[in-house]
Structure formats: structure tokens, C-alpha cells
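Following: one structure in C-alpha cells, then a few remarks.
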């Protein structure tokens, strides 16, 4: 692959339950290059959220490590900016003040944080809404504000956990196309969890398919479609072929890529 931004090295994780030890991660390993967009899909309950929590430093692995820019970051959250499914915008703060929250928590002076966030309002389609409150925004605009709050922290890796999962299908499609378009102007390194195979193919440079629990990477699929991609790419034969590859991989089969 060449230069590596994020390396996940042989992660193992189990939990103790009333029924005994529950193994969840069973030697998960993969690398992500700088500026690469990688999606993770897998069957329900396979351990995707546990994997994210370990990478983000919210859980310690039983074995293995997480490496960012050549440094062991296992158990640390500072290299990552995390965006969950819900936008988690505070209704009493303006949109601008919501987007600066992560910077302020990190100790960035409020004036500096506002300048950094304000510079992104145009590219994120939020210009003119700096003084609005979240309840005045559409669902898609709220998610764009939440993503702005994530990326403005300027962390090494963005972790996106089903960020469009709570949106209706039309808004979700609009957000997918918007994200695919806007990412070409930035150099984000992104790891996305999604249950949506079509979303994974549309947005990703590579897709990792996890096996059932205890999980490991079952298959890696390179999405060899040019960027930027518009929604009409879903009608192309290669797009349909990649969807079929991923669907079969989720069913435990290894079709030809």
C-alpha cells in the first residue's frame, strides 16, 4: 500500500458475561493510507462497534495495537475525531457554537475556534446559518453541522459511525452525494461503519467485510470507480458487480472481484 496513516494490528477483545467469556474481536488487522476512505460492513452483532471503540481508545484490546502515523496510540482518543449516528447538537447553542464545541473542549480559545469553524461553513453548505439554532435546520443540514464539528478538530483520522443512518432515504442519498463531492477538496482519512452496501460502494476507496463474531476481516474489496461519483453511478454494471461481491461476502462466500 505504501505510506500508512492508520494501522490496526491483530486486535483481540473479549468480554466477561454471566454465561462466560464472549470473544468479539479475533485478530482484526488492516491498514489505511493517508487520504483513503475505507468502509467497514459486517453482519449485525459481529463486533463493528467494539472495533470502533477499541480504535478510538474507548476500550482497551486484550491484545494487538492501534498505530497512527507510526506511533502506538492504543487506548488513546486524541488522534481521532468521532461522529456518531445522532448529530448530538445542543439546542441552546447556535450552529456556530455547536461546531466549535470539540475545539473548545480541547482548550482552543473560543475566538480561534470560531474562526476555524466559520471558514468551513461555505464548503459545508451552512453559510448564513451561523447564528441559527439546530431546531431551525433540516436533518441533512444538522448532519453537515455535526460533520463540520468533527473535521474542524483536525485530527489524524475521522471515525464515522453510521452518520446518515437516522435520515430518511432521500436526505440520506443527498448527504451521500454531498459527502462524496466535498471530500475531494479535503485530505481526510476516513473509517466509516455502515450497514448500507450501496453507501459503502458509493463513498469508499476500499470496503472491509467483517466475519460473524468473533470477527476478523473476511474480505477486502477495492472500489475501482473514479472519483468524484454521482448517484447515477449506481446504474453502472461495475457498481452492481461490487454490490454483489459485498453481499455475497456478507453471506460468507468469496465471489470474484
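Residue numbers (the UniProt record's numbering): 1 to 257.
C-beta: ideal position from N, C-alpha, C; glycine also.
Just so you know, these numbers come straight off a predicted model, no measurement behind them.
Excluding five sequence positions before and after residue 4, the CB atoms of its chain that fall closer than 6 Å to its own CB belong to 31, given in chain order. Take residue 100, set aside five residues on each side of it, and the residues of its chain with a beta-carbon closer than 6 Å to its own are 113, 114 and 117, in chain order.
Cα atoms of residue 89 and residue 127: separation of roughly 17 Å, rounded to the nearest angstrom. Straight through space, the alpha carbons of residue 246 and residue 150 are spaced by roughly 28 Å.
Annotated as distal: residue 61 and residue 214, with beta-carbon spacing of 8 Å or more. Judged by DSSP secondary structure, residue 13 falls within the beta strand (DSSP E) whose first and last residues are 6–17. Runs of the beta strand (DSSP E) lying entirely within the segment 170–240 and spanning at least 3 residues, in chain order: 190–193, 206–210 and 217–222. Annotated three-state conformation of residue 139 is helix, per DSSP. Note on geometry: alpha-carbon atoms of residue 231 and residue 10 lie some 36 Å from one another. Using a 10 angstroms sphere on the CB of residue 18, the tally of other CB atoms stays under 16, which defines it as exposed.
Inclusion of residue 107 and residue 210 in the CB contact set at 8 Å is not warranted, their separation being larger than that value.
For residue 134, the secondary structure class from DSSP, reduced to helix, strand or coil, is helix. Considering only 29, 50, 6 and 35, the residue with the shortest C-alpha distance to residue 193 is 50. DSSP, read as helix, strand or coil, puts residue 247 in helix. Boundaries cannot be given for residue 44, as no alpha helix (DSSP H) includes it and DSSP labels it neither H nor E.
Taking a C-beta distance under 8 Å as the contact criterion, residue 140 and residue 158 do not qualify as a contact pair.
At a Cβ-Cβ threshold of 8 Å, residue 148 and residue 124 count as neighbours. Per DSSP, residue 33 lies in no beta strand (DSSP E) and is assigned neither H nor E. Per DSSP, the continuous beta strand (DSSP E) segment holding residue 157 begins and ends at 157–161. Here residue 144 is buried. Its C-beta has 16 or more other C-beta atoms within 10 Å.
From the listed residues 37, 63 and 28, the smallest Cα separation to residue 48 is found for 28.
Between residue 66 and residue 8, the gap from beta carbon to beta carbon is short of 8 Å. For residue 105, the closest C-alpha among the options 78, 240, 190 and 20 is that of 78. Counting every other CB atom within 10 Å of its CB across the protein chains shown gives residue 218 a total of 16 or more, marking it as buried.
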